[in-house]
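So the structure is just underneath, and the comments pick up after that.
Residue numbers (the working numbering): 3 to 200.
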């Protein structure tokens, strides 16, 4: 069956462009591992990688053997995606990639309510600003939901975030913006298997 994970690499004392190029060359499929997309986090300039894995154990070995050995990587953090739902909005052209993630802390017992509200009530804002997917977050003590979003206009993005903050059960929302995003597979393959990215 497998699962999706987001792996964040903390980059220190290393040219980010070098790390970016090296990662694109070294992120190859392995036994039970398939790298899907790569992004640079705005402001912190850390790198986030979206990886499909058969089990958390296979991903852990991949991180140890391939990612932690890259020069400049000082720390790795992993978030596993649980039940995921792509959010489709009418009359909006889907561009490849996402512009960032929302990390959501939810009141105990209200996870499913917020999950459903994200799908049913949070529509697109103006200027092609919208949510792309919502997912439960597994194996994390302080994160409950992950939400992918698209939009380059910060004013309308803030309107979108405020609408999400008002959902009953949402305790806190942290925004992670991407300054660069690149899929590591052909568009058709991404569209077929990982449609929430496109």
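Beta carbons: idealized from backbone N, C-alpha and C, even for Gly.
query: Which residue wins for smallest C-alpha separation from residue 24, given the options 68, 146, 159?; result: 68
query: Among 91, 179, 7, 140, whose alpha-carbon lies nearest the alpha-carbon of residue 207?; result: Residue 207 is absent from the model: the chain starts at 3 and stops at 200.
query: On the three-pair Cβ rule with 8 Å, is the stretch 65–79 touching the stretch 128–139?; result: no
query: How many whole angstroms separate the CB atoms of residue 38 and residue 104, which I take to be in contact at a CB cut-off of 8 Å?; result: With a Cβ gap of about 19 Å, residue 38 and residue 104 do not count as contacting.
query: Got a sec, what are the start and stop residues for the beta strand (DSSP E) residue 182 sits in?; result: 172–185
query: Per DSSP, residue 54 forms a beta bridge with which residues?; result: 6, 36
query: Would you kindly work out how many angstroms separate the C-alpha atoms of residue 14 and residue 112, rounded to a whole number?; result: 38 Å
query: Is it the case that the Cβ atoms of residue 53 and residue 119 are separated by a distance below 7 Å?; result: no
query: Can you tell me which of the three DSSP states residue 107 falls into?; result: strand
query: Residues bridged to residue 125 by DSSP?; result: Beta-bridge pairing links residue 125 to no other residue.
query: Taking 7 Å as the cut-off, decide whether the C-beta atoms of residue 197 and residue 56 are in contact.; result: no
query: Which stretch, first to last residue, makes up the alpha helix (DSSP H) that contains residue 159?; result: 156–167
query: By how many angstroms is the C-alpha of residue 158 removed from the C-alpha of residue 63?; result: 40 Å
query: Determine the burial state of residue 154: buried for a count of at least 16 other Cβ atoms within 10 Å of its Cβ, exposed for fewer.; result: exposed
query: Could you pull out every residue in the same chain whose Cβ sits closer than 8 Å to the Cβ of residue 45, ignoring the five residues on either side in sequence?; result: 179
query: When the Cα of residue 171 is compared with those of 193, 192, 185, 117, which residue comes out closest?; result: 117
query: Roughly how many angstroms separate the alpha carbons of residue 186 and residue 9, rounded to a whole number?; result: 15 Å
query: To test your reading of the DSSP string, which unbroken beta strand (DSSP E) runs of 3 or more residues are found completely within the stretch 59–101?; result: 75–88
query: Can you tell me the Cβ-Cβ gap for residue 1 and residue 85, rounded? I've got them flagged as a contact below 8 Å.; result: Shown here, the chain extends from 3 to 200; a query on residue 1 therefore has no answer.
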